[in-house]
Each structure stands twice: as structure tokens, then as C-alpha cells.
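In what follows, a single structure is set out as C-alpha cells and then discussed.
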Amino acid sequence: THRETIEMKTLQPLSQEDISEIALNIIKENDGVFTLNTETGINKACQYAVDYHAAAGYELKHDEIKIELLKQMSTSK
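For what it's worth, this note's numbering labels the leading residue of the sequence shown as 75, then goes sequentially.
Next comes the structure, spelled out in C-alpha cells:
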């Protein structure tokens, strides 16, 4: 049997400035894929961002991006 070695890579943390920028990008670049006026849509957008950044080697916590996204959405109205 072939056994694969899974290397656990350490994800790089993101600064608050990075998290703010990611939240702004979610708002600006959302083309209707995520319904940002529903809890489900917001959670899906946040999870997508978390997964996307993890694949790129960065640690983004769901709660961090959600808080920042909600903050940015309330200030951009």
C-alpha cells in the first residue's frame, strides 16, 4: 500500500489591515455569488475567504473576517 505523508504547514497570520482589505474585497467583488444581506450568505462568503486564504498559506479565522465584514458593510451603507 502507498502511504502519503501529509505535511502540516504552518499558516501565516494576517494583520488587521489585511483582514480589513479582505472584507472590502468581498463587498466590492461580490457579483451575486454571496447574498450578503443574509446570515447564510455572509457565512458562506466568510468560509470561502477562510478556505481561499488557507490554500494560499494564510490563516484567516471565520469569526475575524465575519466581524470585519459586518463592520465594513455597516459603514459602507
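By construction, the Cβ of each residue, glycine as well, lies at the ideal position given by its N, Cα and C atoms.
No experiment lies behind these values; they were computed from the predicted model shown.
Residue range of the alpha helix (DSSP H) that includes residue i
i: N99; result: 90-103
i: T149; result: 136-149
i: G115; result: 113-129
Separation of residue j from residue i, as counted between CA atoms
i: L93; j: E113; result: The question names Leu, yet the displayed sequence has Ile at residue 93. Going from the Cα of I93 to the Cα of E113 covers about 19 Å.
i: L110; j: I116; result: 5 Å
i: Y126; j: A119; result: 10 Å
Of the residues the options, the one placed nearest residue i, counting alpha carbons only
i: I100; options: H136, T149, L143, S148; result: L143
Residue-level contact to chain C via CB, residue i, 8 Å cutoff
i: E113; result: The structure shown has no chain C; it contains just one protein chain.
Where residue i falls, given that 16 or more other Cβ within 10 Å makes a residue buried
i: V124; result: buried
Beta-carbon proximity list for residue i, same chain, < 8 Å, skipping 5 on both sides
i: A128; result: L85, L134
Other residues of its chain near residue i: CB distance less than 7 Å, five sequence neighbours each side excluded
i: I139; result: I93, I96, A97, C120, A123, V124
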